[in-house]
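Notes follow once the structure below has been shown.
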Amino acid sequence: MGEFPPCPREAVSMAEYRCGPVELKEITYRRGSAVWKATGPVATVAIKSGYGEGAEITVREAAVLDALAGCSATAGSNWYVTDWVDGPSTWEVFRSARESADDGGRVQALGGAIELCRAVAALHAEGWVHSDLQPSHGIHATAGVRLIDFAWAWHPGFEQHPAFRGGITHLVAPELAASIAAGVRPVRPSVQAEVYALAGVLWTCVTGAWPLDYVAAGIDWNATTPDELRAAIATAEIPLAAARPWAEVQSVLADVLSAGPQKRPTAVELANVLTEVVP
9 MGEFPPCPRE AVSMAEYRCG PVELKEITYR RGSAVWKATG PVATVAIKSG YGEGAEITVR
69 EAAVLDALAG CSATAGSNWY VTDWVDGPST WEVFRSARES ADDGGRVQAL GGAIELCRAV
129 AALHAEGWVH SDLQPSHGIH ATAGVRLIDF AWAWHPGFEQ HPAFRGGITH LVAPELAASI
189 AAGVRPVRPS VQAEVYALAG VLWTCVTGAW PLDYVAAGID WNATTPDELR AAIATAEIPL
249 AAARPWAEVQ SVLADVLSAG PQKRPTAVEL ANVLTEVVP
């Protein structure tokens with residue numbers, strides 16, 4: 009991730025205005041974007057700051073948060089401060105089921121999967137697409153799942169940034185990968201592509217591995233550029249991984265990942281199908 013940059017003084021001042029004197033904890037620093045957890049006696053907030061190309065994306069994300077229902081951000085020239093969301097990520101909720109396959113862990117994981125689907129469905133109902141769903145981007149808080157990292161979120165009239173390349177490459181839907189590979193800019197995400205990514209997130213949380221079987225397709229993804237990998241994904245010919253440690257759930261997800269965009273369920277329909285799975 010590289011050495012953390014200093015947190016902007018103005019951002020710290022804003023955090024202290026909301027929280028009192030704060031203690032900063034470094035969370036992540038990648039692709040020109042750094043996040044701190046700022047904890048004070050009154051409240052806890054997140055500070056996000058962008059550097060280089062990441063500055064413009066960070067400011068865009070602050071604008072997205074202000075436009076979303078139930079979210080807000082106080083922004084500066086290259087930073088913003090917003091509420092901190094406490095709770096495990098979807099990846100963490102699945103840990104017990106992934107590592108030991110015990111019944112209790114699977115009950116918890118299945119409930120978490122359904123909650124994540126419903127959170128995505130609620131976002132879609134507001135006309136938004138998150139555009140970058142990942143195993144760590146759903147936080148299972150006491151009041152329900154909260155999505156985070158809205159840097160690439162899209163809404164009609166809120167144009168996508170030209171740097172958008174479909175979110176994390178391994179979870180890009182084939183039709184979105186094809187659009188990117190064809191040079192369409194800005195790339196427009198879709199609800200259908202998001203449901204593909206949602207199923208891919210859950211698959212990854214179940215198995216600990218990406219859903220596509222790159223080895224079977226003769227692809228060394230560690231030695232392949234994102235552009236090359238998206239071009240391969242665009243063919244829709246890479247098979248799904250054969251490992252089925254939780255076959256009942258993976259069968260549902262495989263149907264989504266194998267379907268064309270018009271035949272995929274909605275996020276709420278996927279949630280409803282998962283409620284029928286017996287842990």
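Counting along the sequence shown from 1, when you hit position 123 you're at 131 in this note's numbering, and nothing is skipped either side. Cβ atoms here follow ideal geometry from the backbone N, Cα and C, with glycine treated the same way.
query: What is the DSSP secondary structure of histidine 138, reduced to helix, strand or coil?
result: Looking at histidine 138 - three-state DSSP - the assignment turns out to be coil, as it is neither helix nor strand.
query: Alpha carbon to alpha carbon, how far is arginine 26 from valine 50?
result: So the alpha carbons of these two residues sit roughly 7 Å apart.
query: Going by Cα to Cα distance, which pick from Trp92, Val72 and Leu278 is closest to glycine 165?
result: Ranked by Cα distance from glycine 165, the first of Trp92, Val72 and Leu278 is Val72.
query: At a cut of 8 Å, does the region 134-145 reach the region 194-211 through at least three beta carbon pairs?
result: Yes, the region 134-145 touches the region 194-211.
- prompt: Smallest Cα separation from threonine 90: which of Phe102, Val153, Ala23 and Gly112?
  reply: When only C-alpha atoms are compared, the closest one is Ala23.
query: At what residues does the beta strand (DSSP E) containing alanine 54 begin and finish?
result: Looking at the DSSP string, the run of the beta strand (DSSP E) that includes alanine 54 is 52-58.
message: Between Glu202, Ala149 and Gly113, which has its C-alpha nearest leucine 131's C-alpha?
response: Scanning Glu202, Ala149 and Gly113 for the CA closest to the CA of leucine 131 turns up Glu202.
- prompt: Nearest-angstrom Cα distance between leucine 76 and arginine 114?
  reply: Approximately 32 Å between the Cα atoms of the pair.
- request: List the residues that DSSP assigns as beta-bridge partners of tryptophan 160.
  value: Bridge partners of tryptophan 160: none, in fact.
task: Pull up the distance between the alpha-carbon of proline 16 and that of glycine 48, whole angstroms please.
output: For proline 16 and glycine 48, the distance between alpha carbons rounds to 17 Å.
Identity of the residues DSSP links to tyrosine 88 by a beta bridge: Looking at the DSSP output, tyrosine 88 bridges to Lys56 and Ala83.
- prompt: Is the beta carbon of serine 41 sitting closer than 9 Å to the one on tyrosine 59?
  reply: It is a contact, given that the beta carbons lie within the stated cut-off.
- request: Find the nearest neighbour of alanine 149 within the set Glu134, Ala127, Phe158 and Lys271, judged by alpha-carbon distance.
  value: The shortest C-alpha separation from alanine 149 is found at Ala127.
- request: Per DSSP, which residues does glutamate 34 bridge with? Please list them.
  value: Looking at the DSSP assignment, glutamate 34 forms a beta bridge with Trp44.
message: Quick check on the DSSP output: the beta strand (DSSP E) that includes leucine 179 runs from which residue to which?
response: Segment: none, leucine 179 is in no beta strand (DSSP E) and carries neither H nor E.
- prompt: Residues in its own chain within less than 8 Å of proline 234 by CB, not counting five upstream and five downstream?
  reply: Here the set comprises Arg173 and Thr177.
Beta-carbon proximity check, tryptophan 254 vs valine 209, cutoff 9 Å: The answer is no: Cβ separation not under 9 Å.
- prompt: First and last residue of the beta strand (DSSP E) that includes arginine 154?
  reply: Its beta strand (DSSP E) spans residues 152-155.
- request: Pair every Cβ in the region 104-113 with every Cβ in the region 266-284, then say whether three or more of these pairs are closer than 8 Å.
  value: Because the criterion of three Cβ pairs below 8 Å is not met, the region 104-113 and the region 266-284 do not touch.
message: So, for alanine 189: in the same chain, excluding its five sequence neighbours on each side, which residues have a beta-carbon less than 8 Å away from its beta-carbon?
response: Taken in chain order, the residues that qualify are Asp235, Arg238, Ala239 and Ala242.
query: Between the beta-carbon of valine 67 and the beta-carbon of alanine 83, is there less than 9 Å?
result: Taking 9 Å as the cut-off, the Cβ atoms of valine 67 and alanine 83 count as close.
message: Here's a check: name, in chain order, each residue in its chain whose Cβ is nearer than 7 Å to the Cβ of valine 53, leaving out the five neighbours to either side.
response: For valine 53, the CB contacts under 7 Å within the same chain, skipping 5 residues up- and downstream, are Ala23, Arg26, Cys27, Ala46, Val89, Thr90, Asp91 and Trp92 in chain order.
- prompt: Would you call the CB atoms of proline 219 and alanine 249 closer than 9 Å?
  reply: Cβ distance < 9 Å, so proline 219 and alanine 249 count as in contact.
query: Taking the alpha helix (DSSP H) that isoleucine 279 falls in, what are its first and last residues?
result: Reading off the sequence shown, one finds alanine at residue 279, where the question assumed isoleucine. Alanine 279 -> alpha helix (DSSP H) spans 275-282.
- request: Please report the Cβ distance between glycine 119 and phenylalanine 102, rounded to the nearest whole angstrom; I am assuming they are in contact, meaning their Cβ atoms lie under 8 Å.
  value: The pair is not a contact, with the Cβ atoms about 11 Å apart (cut-off 8 Å).
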